[in-house]
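Engineer: Going by the numbering used here, the sequence shown opens with residue 7, and the numbers climb by one from there.
Backbone N, C-alpha and C fix where the C-beta goes; we use that ideal spot for every residue, glycine too.
Being a predicted model, the structure only gives us computed values, none of them experimental.
I am attaching a structure below and will ask some questions about it afterwards.
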Amino acid sequence: FLTERGYLEVETPILQPIPGGAAARPFVTHHNTHNTKLYLRIANELYLKRLIVGGFEGVFEFAKDFRNEGMSRFHNPEFTQMELYVAYKDYNWMMDMVEEMVEKIAIALHGNTKVQVGENQINFARPWKRYTMFEAIEEYTGIDISTMDEVQLRTTAEKLDVPVDDTMGKGKLIDEIFGEKCEGLLIQPTFITDYPVEMSPLAKKHREKEGLVERFECICNGKEICNAYSELNDPIDQRKRFEEQLELGKRGDDEAMVLDEDFLRSIEYGMPPTAGLGIGIDRLAMIMTNSKSIQDVLFFPQMKPEKKGPELGENEKLIFDIIKKESKMELGILKAQVDLSNKKWDKALKGLATHGLTKVNKTDDGLFIELIA
């Protein structure tokens, strides 16, 4: 689809000196030869934009990105993302292109635009519904937050039982309200547009609406599957946005972006008006294959390490295996069954207690040993 339109597939660095292009916590590593800290990329956005500055009119990359964050049915620390940047286009053009591309994917896989995802039938036929960010929040909460300041937003979030903390600025508060109260209710593919400038440090200011940027996300089956902007190409405005992110970082926001002088220098040379897109391939695959978990579409998902039990001695294991069948036993009956010397018996009981596996309780009926849940 993309190569047919003349866009060039490229590769950009996975190891980066500055983690940029997204609001996320990076994985950190170290380059021994140069004695410098490096990061596994959280996004490839800033490098692809450098290629636009260098004269390419359209570039895209299927990239492995890495984010050192929580794991869930929808999140894996290592994931695949496709990013696309096209010069002399804007976010309205990109919305139309995303609709066309995803509709064609659905038809290619299923023969039509309808895809069954759990209990929901998703219809990817164009056109998709569109809300502004503020319209969506008002639609699902009944509250107009468009003119609220940070204090009012924090109060509103607390009234809506949205978890917030003091590190969150205005943009993060709006993001949390939308995520908690709106996102999960958007089942059919829906574009959420025109985000507050505080939420989008890399997006161009809206040409008509003060305080907003030209950005959209596509939400489908209650989850974001893509994010796109009219890209910010004003180096003075971009520096100011980065500096505002630094202030959020000082307040404790560990997802705030870092100031990237090399990227700023590149757009000072001149970046044309550009539309940019990032689409989560794993989440799109989940929807297209009716998969409940991201693990279902990855051959080798990151898994929680198996918790190993303590190494038990022969006598400890003998006692433990008997107690497991009963969960609770009278101490004298157990001792008769294992037939150990007093010394071995005492040592084995002490070992099981030290491992936190058993405890002995004294009752009116005698001494009992039981498993600790």
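Round the Cβ separation of ARG221 and ALA234 to the nearest angstrom and send it over; I've been treating them as touching at under 8 Å.
Structural biologist: Going by Cβ atoms, the distance from ARG221 to ALA234 rounds to 7 Å, so yes, they are a contact pair.
Engineer: Is it right to say MET100 is buried, meaning 16 or more other beta carbons lie within 10 angstroms of its own, or is it exposed?
Structural biologist: When all chains shown are included, MET100 counts as buried.
Engineer: Between which two residues does the beta strand (DSSP E) carrying ASN227 extend?
Structural biologist: ASN227 -> no beta strand (DSSP E), and no H or E assigned at all.
Engineer: Cα separation between LYS95 and GLY26?
Structural biologist: If I take the Cα positions, the gap works out to 23 Å.
Engineer: Residues in its own chain within less than 8 Å of PRO438 by CB, not counting five upstream and five downstream?
Structural biologist: Because residue 438 is not part of the residues shown, which for the chain are 7 to 379, the question remains open.
Engineer: If you check the beta carbons only, do LEU179 and LEU166 fall under 8 Å apart?
Structural biologist: The answer is no: Cβ separation not under 8 Å.
Engineer: Measure the alpha-carbon distance for LYS210 versus ILE183 and round it to whole angstroms.
Structural biologist: Distance between the alpha carbons of LYS210 and ILE183: 23 Å.
Engineer: Identify every run of the alpha helix (DSSP H) within the region 259-288, keeping only runs that are complete inside it and at least 4 residues long; order them along the chain.
Structural biologist: Segments of the alpha helix (DSSP H) lying fully in the region 259-288: 267-276.
Engineer: Scan the region 59-100 and note each continuous alpha helix (DSSP H) run of 4 residues or more that stays entirely inside, going in chain order.
Structural biologist: List check, alpha helix (DSSP H) in window: nothing returned.
Engineer: Helix, strand or coil: how does DSSP classify GLU312 here?
Structural biologist: Correct three-state label for GLU312: coil.
Engineer: CA-CA distance, LYS215 and GLU141?
Structural biologist: If I take the Cα positions, the gap works out to 14 Å.
Engineer: Considering just the uninterrupted stretch of the alpha helix (DSSP H) at ASN126, what are its terminal residues?
Structural biologist: Run containing ASN126: none in the alpha helix (DSSP H); it sits in the beta strand (DSSP E), 126-129.
Engineer: Just checking my contact of LYS70 with ILE20 at CB under 8 Å: how many whole Å lie between their CB atoms?
Structural biologist: The pair is a contact, with the Cβ atoms about 7 Å apart (cut-off 8 Å).
Engineer: What does GLU15 pair with, by DSSP beta-bridge criteria?
Structural biologist: PHE66.
Engineer: Would you call ARG11 buried or exposed, if buried means 16 or more other Cβ atoms sit within 10 Å of its Cβ?
Structural biologist: The residue is exposed, with fewer than 16 neighbouring Cβ atoms inside 10 Å.
Engineer: If we count Cβ pairs, one from each stretch, closer than 8 Å, do we get three or more for the region 98-116 versus the region 127-136?
Structural biologist: As far as the Cβ criterion goes, the region 98-116 touches the region 127-136, which means the pair count is three or higher.
Engineer: To the nearest angstrom, report how far apart ILE48 and ALA28 are at their CA atoms.
Structural biologist: Rounded to the nearest angstrom, the two C-alpha atoms are 6 Å apart.
Engineer: Can you grab the Cα-Cα spacing for the pair LEU46 / ALA354, in whole Å?
Structural biologist: Going by the C-alpha atoms only, they are around 48 Å apart.
Engineer: Is it right to say GLN127 is buried, meaning 16 or more other beta carbons lie within 10 angstroms of its own, or is it exposed?
Structural biologist: Exposed, by the Cβ-count rule.
Engineer: When you compare only the Cα positions, how much space is there between ALA359 and PHE130?
Structural biologist: Distance between the alpha carbons of ALA359 and PHE130: 59 Å.
Engineer: DSSP has VAL366 in a bridge; who is on the other side?
Structural biologist: Answer by DSSP bridge pairing, in chain order: ILE375.
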